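In the working numbering, the protein residues as written are 274 to 745.
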């Protein structure tokens, strides 16, 4: 990892979890900055705090002042340890791509100097064979910054998530937490890690399971919530497997083995997400009317909402957001049905009309019903080879779509569980006791420290405070 110490705040040095993650023996970091930034307080502060770390200085100041090689600008990157130069590399980038990014910009405008600095930093990181750049620049995650296509430019939380993914894929069971000073939590299995991540991300599903078991002895709800929980864990593992396969792609080459592993992991994610919402849909139908013998509903269906949710929870404030998420899950179900008819192949597509950056995508025959959903799921009309006839294909970036669908499923299941626990269904025919007894909130409860840390390792936002819930 290349650590952009000129932009990271000095206060980050007090984040014990972040520093401990960077100092793991399986993580190699370099402190990087431009030569003109050497005297900045932040740069000197980071160097002083991590004196045994390699420092790479980028000899780039401006496009106009750099040497050229064809259409590219070229500059040196020197790496030192304890003040002694260890290596010198050459880096380059194409300034024209920065101008194209500005012309194609779809978000809030960014100053050109920030885009140029990002291009220089990414080029230097590539020359140093770094796999990620950790920075506080606002170019992180921007779709209109081409460097995000070919190197992981992330903020500090994103860096922890990358390290966490590496730990899960290598089978590591050692994580460190800081409740009152540093301690080590040793996990007995990776299954336990994924289980804890669901507890942190979908807490109200776990609460429903607990209440059904201890408060109402409702075995059908216990079984349904436990099954949905397990399937969400497997969906999370499938996304991890997909990202692992994507990270193996070198020099823009998608080999047959990687293509198969990526496609299979995405298939598996969709199947487990839909299995979870199908299970909860059948549970919901029975809990609204316990006289139903063979429930067949699924929560991805608009018909289920119109028949079994909207009439019984008309004033629930959670309902509009659930409707929004239902559309995304319905799209996921369409993709799942497409899998049954054929196979989803991962292919390469150009990420934009200029440059040569490519990414692993799937071709789409179905689309979400809303434009903002398509944007958030990483869907776009891809550029084709100049010699390729026909229209530009509609594709989806697999990494973006896989993570966005998983996050949507987590939010949907958690919000649904919260709604049915909190609100009593209006005029339900024969509701189960767990639906008929409303939930009350009894002040805040601080989330467990280990949940916060595991959330960061998965790249998820875990609320610092969650409600203490009592069920009458």
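All C-beta atoms in this analysis are idealised placements derived from N, C-alpha and C, irrespective of residue type, glycine included.
Here the structure is a predicted model, which is why all the values come from computation and not from measurement.
- Taking all protein chains shown into account, residue 277 has 16 or more neighbouring C-beta atoms within 10 Å of its C-beta and is therefore buried.
- Taking residue 445 as reference, the option from 365, 462, 680, 681 with the minimal CA-CA separation is 462.
- Under the DSSP assignment, residue 342 falls in the beta strand (DSSP E) whose first and last residues are 340-342.
- A straight-line Cα-Cα distance of about 14 Å links residue 473 and residue 503.
- In this structure the region 344-352 does not touch the region 409-423; the number of beta carbon pairs closer than 8 Å is below three.
- One thing to note: residue 505 has its Cβ no nearer than 7 Å to the Cβ of residue 535.
- Residue 413 is not a Cβ neighbour of residue 389, given a cutoff of 7 Å.
- A buried status is given to residue 469, since no fewer than 16 other beta-carbon atoms sit within 10 Å of its beta-carbon.
- Between residue 489 and residue 707, the gap from beta carbon to beta carbon is short of 7 Å.
- Taking all protein chains in view, the Cβ of residue 510 is crowded by 16 or more other Cβ atoms within 10 Å, so the residue is classified as buried.
- Of the other Cβ atoms in all chains shown, fewer than 16 fall within 10 Å of the Cβ of residue 292; this residue is therefore exposed.
- With respect to residue 332, residue 364 sits apart: the two C-beta atoms are not nearer than 7 Å.
- Sorting 575, 552, 703 by C-alpha distance to the C-alpha of residue 496 places 552 at the top.
- In the structure shown, the three-state DSSP call for residue 276 is strand.
- In the three-state DSSP reduction, residue 582 falls in the helix class (H, G or I).
- In the DSSP assignment, the residues bridged to residue 427 are 407.
- Of 430, 305, 555, 678, the smallest CA-CA separation from residue 401 is found for 305.
- Runs of beta strand (DSSP E) with 3 or more residues, each lying fully within the region 678-732, are found at 712-719, listed in chain order.
- Residue pairing of residue 636 in beta bridges, as defined by DSSP: 668.
- Here residue 461 carries a coil assignment [DSSP, helix/strand/coil].
- DSSP lists no beta-bridge partner residue for residue 592.
- Around the beta carbon of residue 606, 16 or more other beta carbons lie within 10 angstroms, which makes this residue buried.
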